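A.B. asks: To get the working numbering, take the position in the sequence shown, counting from 1, and add 115.
All C-beta atoms, glycine included, are put in the ideal place defined by N, C-alpha and C.
The structure displayed is predicted, hence computed values, not measured ones.
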Amino acid sequence: FSEPDPEDRVINEYVSQLAEHRNQLWEHGLIVQRPPLDLKIHKVKPGDWILIKVWKEETLKPNWEGPYLVLLTTETAVRTAERGWTHASRIKGPVTRPHWKVISTPGDTKITLKR
């Protein structure tokens, strides 16, 4: 079993619609099982981009890695293809996806990338 390609729009759209349908069923009382929490501790939804906090041994300071595409969410965690399940206390987001521009002049052999 391999992880889905995060850029696959069909899967992202399907998961988003499935999560929205589940929330509507729960709001109307059609789902008996309740989630562990009545409130979410984050505002991230599938399809958003997030940063994940990691700790480096040398400095013992938090660093942020990413951005990563969110595939699934629960009330307390998010799932990405690259990092798996991550608790909401270790995420920052949603953030905008970085856009890169190629800056070069015609005939120049050097390519410059700018964020």
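(1) Assuming Tyr183 and Thr191 are in contact, meaning their beta carbons sit under 8 Å apart, how far apart are those beta carbons, in whole angstroms?
(2) Name the one or two DSSP bridge partners that His235 has.
(3) Taking the Cβ atom as the reference point for each residue, do Pro213 and Arg230 lie within a distance shorter than 7 Å?
(4) Whole angstroms is fine: what's the gap from Thr188's alpha carbon to Lys176's?
(5) Have a look at the DSSP bridge pairing and note the partners of Val217.
(6) Just to confirm my understanding: we take Ile218, look at its own chain, exclude 5 residues before and 5 after, and list those with CB closer than 6 Å. What are they?
(7) How is Leu184 classed by DSSP in three states: helix, strand or coil?
(8) Can you name the start and end residues of the beta strand (DSSP E) that Ile167 belongs to?
(9) Rounded to the nearest angstrom, what separates Arg85 and Asn138 at their Cα positions?
(10) Considering only residues of the same chain and omitting the five flanking positions on each side of Arg124, which have a CB-CB separation below 6 Å?
(11) Are there 16 or more other CB atoms within 10 angstroms of the CB of Asp153, so buried, or fewer, so exposed?
C.D. replies: This is what the structure gives:
(1) Your numbering for residue 183 matches position 68 in the sequence shown. Your numbering for residue 191 matches position 76 in the sequence shown. Not quite, the Cβ-Cβ distance comes to about 17 Å (not below 8 Å), so this is no contact.
(2) The structure shown does not extend to residue 235, since the chain spans only 116 to 230, so no value can be given for it.
(3) Looking up residue 213 in the sequence shown gives position 98. Looking up residue 230 in the sequence shown gives position 115. Against a cut-off of 7 Å, the Cβ pair of Arg230 and Pro213 comes out as a contact.
(4) Start at 1 with the first residue of the sequence shown, and residue 188 comes out as number 73. Start at 1 with the first residue of the sequence shown, and residue 176 comes out as number 61. Approximately 27 Å between the Cα atoms of the pair.
(5) As a working mapping, residue 217 is identified with position 102 in the sequence shown. Partner(s): Leu228.
(6) Locating residue 218 in the sequence shown gives position 103, where the first residue counts as 1. Listed in chain order, the non-local C-beta contacts of Ile218 below 6 Å within the same chain comprise Thr227, Lys229, local neighbours out to five positions each way being set aside.
(7) Mapped onto the sequence shown, residue 184 falls at position 69. The answer is strand: DSSP assigns Leu184 an E or B state.
(8) Indexing the sequence shown from 1 puts residue 167 at position 52. Looking at the DSSP string, the run of the beta strand (DSSP E) that includes Ile167 is 164 to 170.
(9) Residue 85 lies beyond the stretch modelled for the chain, which goes from 116 to 230, so this question has no answer here.
(10) On the sequence shown, position 9 is the one that residue 124 refers to. Nothing meets the Cβ criterion.
(11) Translated into positions along the sequence shown, residue 153 becomes position 38. Flag for Asp153 reads exposed.
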